[in-house]
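Novice: Going left to right, the sequence shown walks through residues 392 to 573 as my numbering numbers them.
Backbone N, C-alpha and C define an ideal beta-carbon position, used for all residues, glycine too.
The structure displayed is predicted, hence computed values, not measured ones.
Below you'll find the structure I mean.
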Amino acid sequence: IYDLGCSNGNFELELLNVLRRPMRLVAVDSSAAMLESLRGRCPSWEKAGIELIQADISRMELEAASVVVLNLTLQFVPPPERDLLLRKIHAALQPGGILLLTEKVIHANAELAQLQQRLYYDFKRRQGYSELEIAQKREALENVLIPETVEKHLARLHGAGFAKVDIWMKWFNFAAFLALRE
């Protein structure tokens with residue numbers, strides 16, 4: 392299992408909690424600080440079968456895998472490199488392997504995109520975030536996080552070779568895709 396863009400290890404911790412057995416899990420992030428955070432949050436990471444790699448996911452070689460996770464990661468890869476990365480993931484997946492892709496998305500219709508964004512910010516306010524925190528996060532991600540439409544993601548996944556693709560979750564302006572390698 393690869394987790395490309397593992398951040399501080401939320402996926403790893405949840406997977407270990409659910410499966411409760413050792414596995415080969417390769418957690419990759421470009422940030423040494425994020426990998427250090429994962430080490431601190433999961434002191435038994437080596438015994439659990441987690442391999443930590445600091446690398447640029449667009450440049451690294453992938454070994455054969457049954458599962459690849461891209462959780463809120465592809466949106467930070469420059470758009471011209473996204474197709475190549477997904478083709479590389481498809482090539483590394485064993486037949487029957489799956490890609491779990493979760494991304495912030497934007498609606499093709501500007502009015503619906505604004506509505507989804509407004510509803511999402513309302514949700515964040517109800518969760519206790521201040522206007523300043525919301526604005527700072529928005530500014531920090533502007534021109535760094537580049538969302539695309541659901542339709543663009545579906546086309547890109549099919550173009551990478553995935554014949555079977557499903558949207559298994561959509562919430563406000565976030566979508567999760569399951570792509571199967573035949």
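Are there 16 or more other CB atoms within 10 angstroms of the CB of residue 568, so buried, or fewer, so exposed?
Specialist: Locating residue 568 in the sequence shown gives position 177, where the first residue counts as 1. Result: buried.
Novice: Do you know whose CA, among 469, 474, 466, 449, lies nearest residue 548's CA?
Specialist: Taking the sequence shown and counting its residues from 1, the one referred to as residue 548 is at position 157. Nearest option by C-alpha distance: 474.
Novice: Taking the Cβ atom as the reference point for each residue, do residue 407 and residue 446 lie within a distance shorter than 8 Å?
Specialist: As a working mapping, residue 407 is identified with position 16 in the sequence shown. As a working mapping, residue 446 is identified with position 55 in the sequence shown. Not in contact: residue 407 and residue 446 (Cβ atoms no closer than 8 Å).
Novice: Within the region 428-458, note down every full beta strand (DSSP E) run reaching 3 residues or more, in order along the chain.
Specialist: Whole beta strand (DSSP E) segments, 3+ residues: 441-445.
Novice: Take residue 545 and list the residues in its own chain whose beta-carbon comes closer than 7 Å to its own, dropping the five residues that flank it on each side.
Specialist: As a working mapping, residue 545 is identified with position 154 in the sequence shown. Hits under 7 Å: 556.
Novice: Can you give the Cα-Cα distance for residue 418 and residue 493, rounded to whole angstroms?
Specialist: Counting from one through the sequence shown, the residue named residue 418 turns up at place 27. Counting from one through the sequence shown, the residue named residue 493 turns up at place 102. Residue 418 and residue 493: Cα-Cα distance of roughly 16 Å.
Novice: My output table needs one value for residue 463: the three-state DSSP class, helix, strand or coil.
Specialist: Residue numbering aside, residue 463 sits at position 72 when the sequence shown is read from its first letter. DSSP places residue 463 in coil when its eight states are reduced to three.
Novice: Rounded to a whole number of angstroms, what is the C-alpha to C-alpha distance between residue 489 and residue 453?
Specialist: Taking the sequence shown and counting its residues from 1, the one referred to as residue 489 is at position 98. Taking the sequence shown and counting its residues from 1, the one referred to as residue 453 is at position 62. Cα-Cα distance, rounded: 14 Å.
Novice: From the DSSP output, in three-state form, read off residue 563 for me.
Specialist: Along the sequence shown, read from residue 1 onward, the residue named residue 563 stands at position 172. It is coil, neither helix nor strand.
Novice: Below 8 Å on the Cβ atoms is my contact criterion, and I expect residue 553 with residue 481 to pass it. Report the Cβ-Cβ distance as a whole number of Å.
Specialist: Indexing the sequence shown from 1 puts residue 553 at position 162. Indexing the sequence shown from 1 puts residue 481 at position 90. Going by Cβ atoms, the distance from residue 553 to residue 481 rounds to 6 Å, so yes, they are a contact pair.
Novice: Could you tell me how far apart the beta carbons of residue 400 and residue 450 are, in whole angstroms, since I believe they sit closer than 8 Å?
Specialist: Taking the first residue of the sequence shown as 1, we reach residue 400 at position 9. Taking the first residue of the sequence shown as 1, we reach residue 450 at position 59. Contact doesn't hold; Cβ gap of about 22 Å is too wide.
Novice: What whole-angstrom Cβ distance do residue 394 and residue 460 have, given they're in contact under 8 Å?
Specialist: Position 3 of the sequence shown holds residue 394. Position 69 of the sequence shown holds residue 460. Their Cβ separation, rounded to whole angstroms, is 5 Å, which keeps residue 394 and residue 460 in contact under 8 Å.
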